[in-house]
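Under our numbering, the first residue of the sequence shown carries the number 7, and numbering increases by one thereafter.
Each residue gets a CB set at the ideal place from its N, CA and C atoms; glycine is no exception.
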Amino acid sequence: MPVRTKSDQQQDRVQYHFDILVASGFVLLELASLVEVLRLANRVCAHPPFTFTYRSRKGGPVESSSGATVSTDTVPVQPNANYLFVIGNSDPDQPELSLGRVVRDYTFRGAQVFLLAEAASRYIDENSADHMATHWENASFLRERGARFEAKLSIATEQGSVVTCAGMEATTDIALAVIGRHISGAAKMTVADIMLHENIRDFSSMQPFSGTRTTATGDEKLDQCIKLMQANIEEPLPIKQIVDILHVSNRSLERKFKAIFGTTPNGFYREMRLAKANNLLLNTTMSVREIGLVCGFPNGFSSVYKSFFGITPFVLRRQKRRPEYR
């Protein structure tokens with residue numbers, strides 16, 4: 007499945023669809039972590055890039071382990087989603103987590119499948135899939151069951167079209183990583199900031215019980231740079247001043263941004279300010295000029311905004327009451 011660039015999105019406003027599969031006793035935290043990332047990404051982007059459908063094996067209402075109920079559609083015979091997320095469950099023996107055929111149906115049609123926690127454990131157990139991740143508690147459960155292989159204790163492992171994940175709060179990190187394939191790094195960081203999710207972990211990060219300390223990007227200097235940018239939105243700092251504060255070279259900082267975000271420090275800083283501007287446009291009554299000023303664009307805000315999002319802030323303002331922007 008090809009990764010779409012920002013320019014691709016501007017040309018055809020492509021949307022990516024997520025099927026979210028639940029079974030009775032599903033973990034509400036994991037469902038909410040995924041859905042809120044998608045919802046907020048749609049809110050901060052000028053053209054909502056993500057859609058999703060709740061699904062179950064039989065369809066109808068499905069109750070979580072905490073008593074919340076969601077209405078679901080049945081799993082399609084010929085799925086056409088870009089991604090399938092299977093939510094973990096309070097019952098590791100839940101029979102509806104045995105999803106071999108469903109996984110094959112989705113991957114055969116080009117989707118990537120994410121199995122969370124107990125769903126990951128079931129897949130590992132049934133497929134003897136050594137060196138794949140699941141929640142550390144489920145890894146212990148597998149050992150108690152006599153499994154002759156060890157599950158990995160990173161938050162996720164990716165083997166082709168199947169990704170197994172620790173689940174729980176790490177679901178937010180996984181969801182942020184996936185949306186980051188299709189929206190700018192600054193927009194992804196804005197989603198994380200709205201969620202008050204300070205440290206974004208990559209798939210290889212160890213689960214917290216190991217005591218491993220994590221950073222937002224995996225690079226301390228990059229973290230410090232982003233914090234400086236976030237603290238100086240209204241009056242952006244020159245990159246030269248930032249590198250002097252951090253005691254790094256301009257070239258070194260550019261390499262770090264290119265490796266993690268695929269853009270330059272200046273490009274990231276501009277996208278971060280535009281992402282904040284977009285959020286203000288959609289969710290406040292501030293004037294377009296006021297928004298430009300507080301986001302570090304004293305002049306030419308509308309043209310910069312349109313060059314990035316493909317729409318003027320005035321047109322977006324008129325559209326903001328449409329259902330897809332809520």
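- prompt: Taking three-plus beta-carbon pairs below 8 Å as touching, is the stretch 167-181 in contact with the stretch 101-117?
  reply: yes
- prompt: To which residues of the same chain is Pro242 closer than 8 Å at the C-beta, ignoring the five residues directly before and after it?
  reply: Met235, Tyr275, Arg279, Gly302
- prompt: Ordered along the chain, which non-local residues of its own chain (more than five positions away) have a Cβ less than 7 Å from that of Phe147?
  reply: Pro98, Ser127
field: Delimiting residues of the beta strand (DSSP E) encompassing Ile26
entry: 22-27
- prompt: Thinking C-beta only, is Glu36 closer than 7 Å to Ile93?
  reply: yes
- prompt: Taking the C-alpha atoms as reference points, what is the distance between Lys233 and Lys264?
  reply: 18 Å
- prompt: Going by alpha carbons, who is nearest to Ala125 out of Phe267, Met201, Glu102?
  reply: Glu102
task: Sort Ala157, Phe267, Glu296 by Cα distance to Glu143 and report the nearest one.
output: Ala157
- request: Quick one: grab the DSSP three-state call for Gly217.
  value: Unreliable positioning characterises Gly217 in this predicted model, as indicated by a pLDDT of 40, which lies under 50. The coordinate reading is nonetheless provided below. Residue state, collapsed to three classes: coil.
message: Relative to the C-alpha of Ala87, which candidate in Ala192, Gly31, Lys262, Gly116 has its C-alpha closest?
response: Gly116
- request: Evaluate Ala139 with the Cβ neighbour count: other Cβ atoms within 10 Å of its Cβ, from every protein chain shown; 16 or more gives buried, anything less gives exposed.
  value: buried
- request: Tell me where the beta strand (DSSP E) around Ser160 begins and ends.
  value: Looking at the DSSP string, Ser160 is not in any beta strand (DSSP E), and its letter there is neither H nor E.
message: Our contact map puts Ala47 next to Phe58 with C-beta atoms below 8 Å; I'd like the distance itself, whole angstroms only.
response: Contact flag wrong, Cβ pair sits at about 11 Å.
Buried versus exposed, by CB contacts within 10 Å (16 or more), Arg324: exposed
- request: Answer with buried or exposed for Gln118, where buried requires no fewer than 16 other C-beta atoms within 10 angstroms of its C-beta.
  value: buried
N- and C-terminal bounds of the beta strand (DSSP E) containing Asp179: Not the beta strand (DSSP E): Asp179 falls in the alpha helix (DSSP H), residues 176-185.
Continuous alpha helix (DSSP H) stretch holding Leu252: start and end: 245-252
query: What did DSSP end up calling Ser313 once you bin it into helix, strand or coil?
result: helix
task: Could you tell me the distance, in whole angstroms, from the CA atom of Ser39 to the CA atom of Arg107?
output: 26 Å
- request: With Thr113 as the anchor, note down where its beta strand (DSSP E) starts and where it stops.
  value: Looking at the DSSP string, Thr113 is not in any beta strand (DSSP E); the run it does join, the alpha helix (DSSP H), is 106-114.
task: Leaving aside the five residues before and after Glu69 along the sequence, list all residues of the same chain whose C-beta is less than 7 Å from its C-beta, in chain order.
output: Ser30, Thr75
- prompt: So, are the CB atoms of Asp179 and Arg149 less than 7 Å apart?
  reply: no
task: Give the DSSP bridge partners of Ser70, in chain order.
output: Phe32
field: Option in Asp250, Asn272, Gln213, Ser62 with minimal Cα separation from Gly191
entry: Asn272
query: With burial defined as no fewer than 16 other Cβ atoms inside 10 Å of the residue's Cβ, what is the status of Gly173: buried or exposed?
result: buried
query: From Val41 to Ala198, what does the alpha carbon distance come to, in whole angstroms?
result: 13 Å
- prompt: Which residues does DSSP pair with Glu226 in a beta bridge?
  reply: DSSP, once it has assigned bridges, lists no residue as partnering Glu226.
query: Leaving out the 5 sequence neighbours to the left and right, which residues in its chain are closer than 8 Å to Val294 when beta-carbon positions are compared?
result: Leu287, Phe307, Ser308, Pro319, Phe320, Arg323
message: Does Phe303 come out as helix, strand or coil in the three-state DSSP assignment?
response: coil
- prompt: Ordered along the chain, which non-local residues of its own chain (more than five positions away) have a Cβ less than 6 Å from that of Lys227?
  reply: Leu252, Val254
Burial state of Thr290 (16 or more Cβ within 10 Å): exposed
query: When the Cα atoms are used, what is the spatial distance from Lys262 to Ser134?
result: 38 Å
message: Does Ala123 come out as helix, strand or coil in the three-state DSSP assignment?
response: coil
query: Can you give the Cα-Cα distance for Ser96 and Ser210, rounded to whole angstroms?
result: 25 Å
message: Pull the bridge partners of Val321 from the DSSP assignment, please.
response: According to DSSP, which records beta bridges pairwise, Val321 is partnered with nothing at all.
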